[in-house]
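Numbering (our numbering), first residue to last: 1 to 262.
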């Protein structure tokens with residue numbers, strides 16, 4: 001069995017226990033205190049530690065949770081749930097935890113809330129953020145997964161705050177040997193990527209819809225070393241996927257890559 005430690009908000013088990021021999025993996029709690037909580041930075045920190053241990057965000061912002069526990073601040077929605085998931089996964093997390101504020105406390109209007117709630121837990125079972133998690137898994141497994149690494153170096157402008165773009169690819173760190181790249185855009189904005197990281201003459205690009213799990217093909221092009229694109233008008237969030245044409249990958253999220261299709 002695997003053993004870890006669940007920390008309090010804005011902390012990771014690595015703060016105290018990383019070198020303990022019984023700690024098999026690090027878990028962090030990016031928490032519920034504000035929008036655009038930079039969990040990717042926390043994951044990146046743990047990903048780079050030695051000895052190497054897997055890490056994941058075990059308590060990100062929960063869907064339908066009041067921001068900083070105050071309903072007057074608004075409530076985390078499905079966009080912010082997806083943002084936390086893709087930021088963490090693309091930063092190197094080995095998995096992700098989805099949470100819903102109404103469900104963990106099984107809140108109903110007939111019960112006193114443990115923490116401010118607004119949706120009956122039975123209704124909350126169908127909140128959209130929960131269903132969006134399967135699209136993240138489908139996307140990652142539609143490309144070679146075991147060699148996947150975080151890599152911000154091919155982003156010309158990674159942005160900041162709610163516009164922060166997080167990127168991942170396969171291959172070797174600091175080597176131009178990727179067969180695909182992915183970049184998560186939490187808001188509608190243009191993106192430019194350095195495609196020299198992909199060792200291929202021809203590229204195939206896609207927009208992947210993290211709400212519906214659908215890939216929109218953008219066609220093939222010669223690898224000129226730069227690619228600038230804007231996502232479709234709807235959204236707000238999208239994932240850019242760029243492939244080496246010669247690898248023959250299926251549409252993103254459509255089916256597991258060969259090594260997982262069992």
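No residue lacks a Cβ here, since even glycine has one placed at the ideal position from N, Cα and C.
*Are the CB atoms of residue 203 and residue 195 nearer to each other than 8 Å?*
Yes, they are a contact pair.
*Taking the alpha-carbon positions, what's the residue 41 to residue 11 distance?*
Approximately 11 Å between the Cα atoms of the pair.
*When the distance is taken between beta carbons, is residue 206 closer than 8 Å to residue 199?*
With a cutoff of 8 Å on beta-carbon distance, residue 199 and residue 206 are scored as not near each other.
*Between the segment 106-124 and the segment 80-88, do three or more beta carbon pairs fall short of 8 Å?*
The segment 106-124 is not in contact with the segment 80-88.
*asked:* Give me, in chain order, the residues of the same chain whose beta-carbon lies closer than 6 Å to that of residue 28; leave out the 5 immediate sequence neighbours on both sides.
replied: Answer for residue 28: 12, 42 and 57, listed in chain order.
*Is DSSP giving residue 180 helix, strand or coil here?*
Here residue 180 sits in strand by DSSP.
*For residue 168, count neighbouring Cβ atoms within 10 angstroms of its own Cβ and tell me buried if that reaches 16, exposed if not.*
It is buried - the Cβ of residue 168 has at least 16 other Cβ atoms within 10 Å.
*Alpha-carbon to alpha-carbon, residue 138 and residue 247*: Approximately 18 Å, taken between the alpha carbons.
*Which term fits residue 52, buried or exposed, when burial requires 16 or more other beta carbons within 10 angstroms of its beta carbon?*
By the 16-neighbour rule on beta-carbons within 10 angstroms, residue 52 is exposed.
_Give me the residue from 8, 2 and 112 with the minimum Cα distance to residue 24._
For the residues 8, 2 and 112, the minimum Cα distance to residue 24 belongs to 2.
*Sorted by chain position, which residues of the same chain lie with C-beta nearer than 7 Å to residue 93's C-beta, five sequence neighbours on each side aside?*
43, 55, 56 and 57.
_Which listed residue (9, 17, 175 and 77) has its alpha carbon closest to that of residue 102_ = The residue from 9, 17, 175 and 77 with its alpha-carbon nearest to that of residue 102 is 77.
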